[in-house]
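> In this note's numbering, the protein residues as written are 180 to 460.
1) Sort 207, 373, 191 by Cα distance to residue 241 and report the nearest one.
2) Quick one: grab the DSSP three-state call for residue 294.
3) Could you say which of 320, 293, 183, 380 lies nearest to residue 307 if we only look at CA atoms?
4) Can you find the residues in the same chain that come closer than 6 Å, C-beta to C-beta, to residue 195, ignoring five residues on each side of it along the sequence?
5) Counting Cβ pairs closer than 8 Å, one from the region 230-239 and one from the region 367-385, do we hit at least three?
6) Given a threshold of 16 other Cβ atoms within 10 Å of its Cβ, counted over all protein chains shown, does residue 437 qualify as buried or as exposed?
7) Among residues of its own chain, excluding the 5 on either side of residue 227, which ones have a beta-carbon nearer than 6 Å to its beta-carbon?
8) By how many angstroms is the C-alpha of residue 407 removed from the C-alpha of residue 316?
9) With residue 330 and residue 422 assumed to form a contact (beta carbons below 8 Å), what rounded beta-carbon distance in angstroms separates them?
10) Give every residue of the same chain whose Cβ lies closer than 6 Å to the Cβ of residue 255, excluding the five residues on either side of it in the sequence, and list them in chain order.
11) Output the residue ranges of the alpha helix (DSSP H) runs that lie fully inside the region 250-329 and measure 4 residues or longer, sorted by chain position.
12) Look at the alpha carbon of residue 185 and the alpha carbon of residue 212, and state the distance between them as a whole number of angstroms.
13) Are the CB atoms of residue 251 and residue 362 within a distance shorter than 8 Å?
14) With a CB to CB cut of under 7 Å and the five nearest residues on each side skipped, what residues in its chain are close to residue 373?
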């Protein structure tokens, strides 16, 4: 493995580490304190998650492109030529970073977690405070409905990311502001749909902390989780990411004016070259 490849994997791990260290920390602030500093201010939770994504992109984007999400990596391999041989290593690195981010959150908040469980007469084995690490279905949401939700939410995410990062999209944010807009996209998804099942929209974001929680005392409440929920935030985002990327590729990309101008110019140049060749012949 080349030095550059190693750097890319480290970069992906750092990206998800940043996202989870900050994101799961804001989940702790939201859940564990009474009154919560985010009481009646859920938008603040969403903004914190979104800015965590923005910071991760600014830190690691120049090295690996900051996929920070196996659903993004898969979609880029399918539709934008990302090397297939890198898909699995990137995904593993992303899960490792998320695991380590959750570990930092545990170091910071473990006394508060224990206090919360004691006050509410909960145990880790029963899932007490587990929601600060990983996702679960919300009010009236069944696991199968959650699967559909995750497909749709992640489709929104990848549809937006493909638009924001498309070189032929003349309405895309300029310079390096795309990172901020992607963060706002994540925050908007959370603000509008996050209560369904905490908007995982990222297999690494859920599975890395879930795996850490399993070893940190949450046991079967983390893996396999009630109703064997653990696979829903993995499969749903992977399917949804492909769906969202495909929708952009098929419904928007072919009609971008800048792309059409480039194609016309290339066709005209090609036609001119053929005419010259015919004349010379």
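All C-beta atoms, glycine included, are put in the ideal place defined by N, C-alpha and C.
If we stick to the structure as given:
1) 191
2) helix
3) 293
4) 247, 273, 276, 277, 383
5) no
6) exposed
7) 205
8) 12 Å
9) 6 Å
10) 261
11) 266-298
12) 40 Å
13) no
14) 225
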